[in-house]
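Report on one structure; see the data block that follows.
The following block contains the structure:
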């Protein structure tokens, strides 16, 4: 395998690494928004999840407990959000923003208790392994099949379990949302809670479920940073990616499978400027390939998608119809 | 309905408890702000009494009173890097002057790209907390601070890493490049692949200068080696910093240096079984298998000097730019992973660099990346030339992003 194709494989691998938490976060927010609730607290929930996962990993050295801790930490945040917006019908935007402030502050406070200690090697070794990595001894130098397999191995198969978990969860959520009765109920609540209510669906239970699933997935997204990506805790470890997730969900139009590709595209744009100039020295001077431009593209693309679906008018679906509205049963 | 009321109560309690917990951070942050504010208020009361008793003595009473010092940080005081270095400097200065004489009013997470947030923070410190001296510890506060300095002629302003001054506004920085150069010597001896990586934050002269000094240090002992630079375009994003480091490692770099606010680069190097040079704070305990050394700041003596100067009425504009000689800058103790010859070379050169300062680091002949001479033999770059540095020296691979 020559060095250019290896570099491209490593570029794709880097994109996958940085986009995995985006997939998880976007899946969570997709479910929440499909249930009609705009939760802008993703960043806060990711921080809570990350901090809890890190703390549990430090004390128990257990992968399973660390992941559970991360999910529960973020679910605590989403439960507060759910109670305020479903039961008390508080403004969803304001509550979500409050959850971000709250989650980032509390997450930093909890994370700091670990004093920056490294995640125990029992945990990092687990996440350091690639369960799908191929052993290419002997095949490597064969024509055609050797380079192709090496490329796939380097780009796609050498990742930790989080990456494949995210993709499996996306497929499960797709089946749940579009192929099951429960998923239909959830979408119905997001489109028209009154109609759903009239047909006998327990609206509040569905809303709580959607929001809590969203919290659990945001917790996994947060847990990715200390457990699998960085290996320790630092303040504001998520780097503001909870906000990217909110844009991403609109970009992929509330669809779990599209979330995989959308996240990968956003992730790739995040890191491509680091590797492109080495790969193609010629392009480095061009303004459209500058670091500044790459930082801008995800938002430009989201705006384009929004405008495009608006132009398509009534045929273009603009997201769950009841998104952001509180449901009052007696209101007509 | 009853259930809902109970639920609301529980939720409210939960949120209050949560804020109390986050408040713990707050109390670390602003050093019992409540008590200090209370103290400040009683102080004002005391002032008022003095004025009532003897108006003529009021000024002198205020002058001998406790000095309130306002501080702006761009991130948290425990960020493991830049702001923590400053916070430790202030804490040491207060310890040495005495907590009965100075009182700190610290504000974290003030974005230096947000002029309004900066202005609000400074005005609160001066008008409500009675601060007579303001330290702003990030580059972007500069213009706002300069503008405000005209509004409050009796308050002294100190700005870190900028170039503006006014009647009552001073700037200060240090020649960290001396320590960067020495750390480059360590990297030059340590590398086996002759490829060294440098994770840089934003493309501004401060970062470019540091990278150039490092490269000059590397090439002084290992002319074969090159330094590959990649800009993460952020001061503080652990995920992006990790990926920047990995991009350099994938290119075959075996020693990484960095100019970032978190230790993520060092972590990535350790995970790959490679070596790393830190910045701001020692990371010997964080990454024991990778850590070689780090250029460090020690702001305490400067802060003590300036606080004393305000209290004694001897404050002047100094545009201080100290280095190793003044104790402002140091190279962390070299770990056991550093080759013996590198230790010897650093030890031999340290006194000379401390004596000659950045003039030694940026002494001619210097060539830029494209081979153009930027400084002839026998001369050194002037302070202005260093402050405006916008090119890489020979030996650096990589480009400065342009917009």
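Residue numbers (this note's numbering), protein chains in the order written: chain A, 19 to 350; chain B, 1230 to 1632. Heads up, the beta-carbon is just placed ideally off N, CA and C, and yes, glycines get one too.
Under DSSP, the beta strand (DSSP E) around residue i begins and ends at which residues?
{"i": "residue 1325/B", "result": "Careful: residue 1325/B lies outside any beta strand (DSSP E), inside the alpha helix (DSSP H) at 1311-1326."}
{"i": "residue 1388/B", "result": "1385-1389"}
{"i": "residue 1550/B", "result": "1549-1551"}
{"i": "residue 377/A", "result": "Since the first residue shown for chain A is 19 and the last is 350, residue 377/A is missing from the structure and cannot be characterised."}
{"i": "residue 1601/B", "result": "First-last for residue 1601/B: undefined, no H or E at that position."}
{"i": "residue 1487/B", "result": "1484-1488"}
{"i": "residue 1297/B", "result": "1296-1301"}
{"i": "residue 1401/B", "result": "1398-1403"}
Can you pull the chain D neighbours of residue i, defined as C-beta to C-beta under 7 Å?
{"i": "residue 28/A", "result": "As a matter of chain content, chain D is missing from the structure shown, whose protein chains are A and B."}
Could you work out which residues of chain A lie near residue i, taking near to mean beta carbons separated by less than 8 Å?
{"i": "residue 1515/B", "result": "134, 136 and 250"}
Can you pull the chain B neighbours of residue i, defined as C-beta to C-beta under 9 Å?
{"i": "residue 257/A", "result": "1463, 1465, 1466, 1467, 1468, 1469 and 1470"}
{"i": "residue 147/A", "result": "Near residue 147/A there are no residues of chain B at all, since even the closest Cβ is about 13 Å away, more than 9 Å."}
{"i": "residue 225/A", "result": "Those within 9 Å of residue 225/A in chain B number zero; the least Cβ separation is about 15 Å."}
Give the range of the alpha helix (DSSP H) segment to which residue i is assigned.
{"i": "residue 1469/B", "result": "1467-1479"}
{"i": "residue 261/A", "result": "259-269"}
{"i": "residue 1616/B", "result": "1612-1616"}
{"i": "residue 1345/B", "result": "1344-1352"}
{"i": "residue 1441/B", "result": "1434-1450"}
{"i": "residue 1592/B", "result": "Taken as a continuous stretch (DSSP letters only), residue 1592/B belongs to no alpha helix (DSSP H), as it is neither H nor E."}
{"i": "residue 1455/B", "result": "Run containing residue 1455/B: none in the alpha helix (DSSP H); it sits in the beta strand (DSSP E), 1455-1460."}
{"i": "residue 1533/B", "result": "1529-1541"}
{"i": "residue 209/A", "result": "199-209"}
{"i": "residue 140/A", "result": "139-146"}
Using 9 Å as the threshold, is the C-beta distance between residue i and residue j below it?
{"i": "residue 309/A", "j": "residue 337/A", "result": "no"}
{"i": "residue 1489/B", "j": "residue 1428/B", "result": "yes"}
{"i": "residue 1378/B", "j": "residue 1397/B", "result": "yes"}
{"i": "residue 1404/B", "j": "residue 1551/B", "result": "yes"}
{"i": "residue 192/A", "j": "residue 274/A", "result": "yes"}
{"i": "residue 23/A", "j": "residue 169/A", "result": "yes"}
{"i": "residue 1384/B", "j": "residue 1363/B", "result": "yes"}
{"i": "residue 1561/B", "j": "residue 1519/B", "result": "no"}
{"i": "residue 95/A", "j": "residue 132/A", "result": "no"}
{"i": "residue 1447/B", "j": "residue 1425/B", "result": "yes"}
{"i": "residue 1512/B", "j": "residue 1495/B", "result": "yes"}
{"i": "residue 1498/B", "j": "residue 1485/B", "result": "yes"}
{"i": "residue 224/A", "j": "residue 214/A", "result": "yes"}
{"i": "residue 340/A", "j": "residue 54/A", "result": "yes"}
{"i": "residue 1430/B", "j": "residue 1462/B", "result": "yes"}
{"i": "residue 375/A", "j": "residue 233/A", "result": "Because chain A is modelled from 19 through 350, residue 375/A falls outside the range shown and cannot be assessed."}
{"i": "residue 1491/B", "j": "residue 1308/B", "result": "yes"}
{"i": "residue 39/A", "j": "residue 317/A", "result": "no"}
{"i": "residue 187/A", "j": "residue 85/A", "result": "no"}
{"i": "residue 1472/B", "j": "residue 288/A", "result": "yes"}
{"i": "residue 1367/B", "j": "residue 1302/B", "result": "yes"}
{"i": "residue 260/A", "j": "residue 89/A", "result": "no"}
Give me the Cβ distance between residue i and residue j, rounded to the nearest whole Å; I'm assuming they're in contact under 8 Å.
{"i": "residue 284/A", "j": "residue 262/A", "result": "6 Å"}
{"i": "residue 13/A", "j": "residue 323/A", "result": "Nothing can be reported for residue 13/A: it is not among the residues displayed for chain A, which extend from 19 to 350."}
{"i": "residue 267/A", "j": "residue 48/A", "result": "6 Å"}
{"i": "residue 345/A", "j": "residue 221/A", "result": "6 Å"}
{"i": "residue 125/A", "j": "residue 66/A", "result": "5 Å"}
{"i": "residue 1636/B", "j": "residue 1318/B", "result": "Past the boundaries of the shown model lies residue 1636/B; chain B is included only from 1230 to 1632, so the question cannot be answered."}
{"i": "residue 1633/B", "j": "residue 1525/B", "result": "The structure shown does not extend to residue 1633/B, since chain B is modelled only from 1230 through 1632, so no value can be given for it."}
{"i": "residue 1315/B", "j": "residue 1528/B", "result": "6 Å"}
{"i": "residue 1467/B", "j": "residue 252/A", "result": "5 Å"}
{"i": "residue 1571/B", "j": "residue 1414/B", "result": "6 Å"}
Along chain A, which residues have their Cβ under 9 Å away from the Cβ of residue i?
{"i": "residue 1476/B", "result": "28, 29, 32, 289, 292, 293 and 296"}
{"i": "residue 1500/B", "result": "142, 146 and 249"}
List the residues of chain A whose Cβ lies closer than 7 Å to the Cβ of residue i, in chain order.
{"i": "residue 1599/B", "result": "Correct list: empty, because the minimum Cβ distance to chain A is about 13 Å."}
{"i": "residue 1491/B", "result": "252"}
{"i": "residue 1496/B", "result": "248, 249 and 250"}
Going along chain B, which residues have a C-beta under 7 Å from residue i?
{"i": "residue 309/A", "result": "1460, 1462 and 1630"}
{"i": "residue 247/A", "result": "1468 and 1471"}
Using a cut-off of 8 Å between C-beta atoms, extract the partners of residue i located in chain B.
{"i": "residue 243/A", "result": "1467 and 1468"}
{"i": "residue 313/A", "result": "1462"}
{"i": "residue 36/A", "result": "1468, 1469 and 1472"}
- Message: Does the structure place the stretch 1410-1428 of chain B close enough to the stretch 1499-1507 of chain B that three or more beta carbon pairs sit under 8 Å?
- Response: yes
- Query: Would the stretch 182-198 of chain A and the stretch 156-171 of chain A be scored as touching if the rule is three or more Cβ pairs under 8 Å?
  - Reply: no
- Message: Does the contact criterion of 3 or more C-beta pairs under 8 Å hold for the stretch 131-145 of chain A versus the stretch 70-86 of chain A?
- Response: yes
- Should the stretch 180-194 of chain A be regarded as contacting the stretch 33-42 of chain A, the criterion being three or more beta carbon pairs within less than 8 Å? yes
- Quick check: the stretch 49-68 of chain A against the stretch 303-322 of chain A, are there 3 or more CB pairs under 8 Å? no
- Mind the definition here: the stretch 1609-1627 of chain B touches the stretch 1453-1461 of chain B only if three or more C-beta pairs lie below 8 Å; say whether that holds. yes
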